[in-house]
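A short write-up of the structure that comes next.
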Amino acid sequence: MLQLSGTRAMPTHELFGIEIPMYIGVIFQGTSEGAYVAVVGLFVADRLFIQKTKNWKEGLVGILVIMLGLPLISMVRNGIQTPNVGYVDIPSRRLMFTPIGSIFIATFVIIAVVWILKTNPEFRRRAFYMFLGMVLLAVCFTVLEWVGGTRWIEVGPESGPWIRAEPLFEFGALAYDVVVEIAALYIPFFAIPCAFRLIKPTEAV
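Printed below as a string of structure tokens:
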């Protein structure tokens, strides 16, 4: 949706160096950036916070190996890069507050909030811990990507030129990305199967 509307720039889609059609690429991208983060966030939350499934070792392994290991491998392989601020052909550049994107985010966040308020206490508690788990994971890989020079915030007219945002503004924008665009936005990945009773209340504690 973001790519079709021009909100997100993704000139090519590649899998292991082989260019693939956009309709296949967006499926892989949506899975890796959406469902993957939600599932891993729930896994970590269950291991760190839920008494019935608490296992600190598995939770820490999930954080260290899955969310820290992959960005660290990328940093070792590619080194710490200098952000190409203002460069036109940056893969996956996107505008943060377009009308379509903002409506999309607001819709899913409202769904999450309404469901949390109306659902039973067991689901509500697990959703809250899932939110914390996703925040924790998102902070980990966002900080590593920022340090590695592959994630930054630019400001300027929509058509350019763009400059690097001031540190405080950049911190706020990245924090918004972590808390709203990732953690809050992905709660429906848990809410929807719960609403359709694919997950039972007794499985949520």
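Residues in the sequence shown are numbered consecutively from 22, following this note's numbering. Backbone N, C-alpha and C define an ideal beta-carbon position, used for all residues, glycine too. The structure displayed is predicted, hence computed values, not measured ones.
Assuming proline 209 and phenylalanine 129 form a contact by the criterion Cβ under 8 Å, report the distance between their Cβ atoms to the nearest whole angstrom.
6 Å
Proximity to threonine 171 [Cα-Cα], best of Ala212, Tyr108, Ile71, Pro178
Tyr108
Between Leu36, Ile94, Met117, which lies nearest to tyrosine 197 when the distance is taken from Cα to Cα?
Met117
Can you tell me whether glutamate 40 is helix, strand or coil according to DSSP?
strand
Quick check: what's the CA-CA separation for methionine 43 versus arginine 147?
35 Å
Closest Cα partner of proline 222 within the set Pro142, Arg185, Gly193:
Pro142
Which of helix, strand or coil does DSSP assign to valine 201?
helix
For the alpha helix (DSSP H) holding glutamate 143, just list the boundary residues, first then last.
That run of the alpha helix (DSSP H) goes 142 to 168.
Quick check: what's the CA-CA separation for phenylalanine 211 versus serine 53?
So the two alpha carbons sit approximately 16 Å from each other.
Nearest-angstrom Cα separation, counted from cysteine 215 out to isoleucine 94:
35 Å
Out of Val65, Val164, Leu157, state which residue places its alpha-carbon closest to the alpha-carbon of glutamate 191.
Val164
Quickly, what does DSSP pair isoleucine 184 with across the bridge? List them, please.
Val176
Touching by the beta-carbon criterion (3+ pairs, under 8 Å), the segment 117 to 126 and the segment 152 to 164
no
On the DSSP letters alone, give me the boundaries of the alpha helix (DSSP H) that glycine 122 sits inside.
120 to 139
Which residue comes first and which comes last in the alpha helix (DSSP H) that contains isoleucine 220?
Isoleucine 220 -> no alpha helix (DSSP H), and no H or E assigned at all.
Leucine 36: buried (16+ other C-beta within 10 angstroms of its C-beta) or exposed?
exposed
Look up arginine 115 in the DSSP assignment and say whether it is helix, strand or coil.
Strand.
For glycine 38, count the other beta carbons within 10 Å of its own beta carbon; 16 or more makes it buried, fewer makes it exposed. Which is it?
exposed
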